[in-house]
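Residue numbers (my numbering): 20 to 157.
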């Protein structure tokens, strides 16, 4: 388990309602069950998202905006590396879309919800983005 899991588990220990956004259903379910067992907090849920797809990010934001009345903390933690020059369905380099563009898009789509509380946004990053070729479009 990594930073995302440990962060979610810590929030759960503090009594938070936690939503884990993950691209892999099996890993998400396993993480939720383990956190519930370790923390005795049953308010742990997951939603599927593929950050290499802007459509998937928009769908996630729409679901959260429909089901939640506010967000206190958004942790953008997902990232990929060593993926070469693969392009996404959106025509962007996989690394830069997953690590930068999609978290930025998600944050912007959730801003109105976050303004309903004294919220915080945490962006976890690495130097992996330096390996990407940025594709600028108007």
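Beta carbons are placed, not taken as given, at the ideal position from N, Cα and C, and that holds for glycine.
Being a predicted model, the structure only gives us computed values, none of them experimental.
Roughly how many angstroms lie between the CA atoms of residue 116 and residue 107, to the nearest whole one?
Residue mapping note: residue 116 aligns to position 97 of the chain shown, counting from 1. Residue mapping note: residue 107 aligns to position 88 of the chain shown, counting from 1. Computed Cα separation, rounded: 8 angstroms.
Starting from residue 93, trace the beta strand (DSSP E) in both directions and tell me its first and last residue.
In the chain shown, counting from the first residue as 1, residue 93 sits at position 74. Note, residue 93: beta strand (DSSP E), 92-95.
Which one or two residues does DSSP pair with residue 66 in a beta bridge?
Taking the chain shown and counting its residues from 1, one reaches residue 66 at position 47. DSSP lists 40 as partners of residue 66.
Stretch pair the stretch 46-66 + the stretch 128-142: three plus CB contacts closer than 8 angstroms
No, the stretch 46-66 does not touch the stretch 128-142.
Where residue 123 falls, given that 16 or more other Cβ within 10 Å makes a residue buried
Numbered from 1 along the chain shown, position 104 holds the residue referred to as residue 123. The Cβ neighbour count for residue 123, taken over all protein chains shown within 10 Å, is under 16; the residue is labelled exposed.
Quickly, what does DSSP pair residue 106 with across the bridge? List them, please.
Against the chain shown, residue 106 aligns to sequence position 87. Beta-bridge annotation (DSSP): residue 106 is paired with 112.
Quick one: measure Cβ to Cβ for residue 131 and residue 72, integer angstroms, because I've assumed they're closer than 8 angstroms.
One-based indexing of the chain shown puts residue 131 at position 112. One-based indexing of the chain shown puts residue 72 at position 53. Contact doesn't hold; Cβ gap of about 22 angstroms is too wide.
What residue does the alpha helix (DSSP H) around residue 77 start on, and which one ends it?
As a first step, residue 77 is located in the chain shown; it is residue number 58 there, counting from the start. Where residue 77 is concerned, the enclosing alpha helix (DSSP H) stretches over 73-86.
Check the C-beta distance from residue 196 over to residue 50 and give it rounded, since I have them as a contact under 8 angstroms.
Given a span of 20 to 157 for the chain in the structure shown, any question on residue 196 remains unanswerable.
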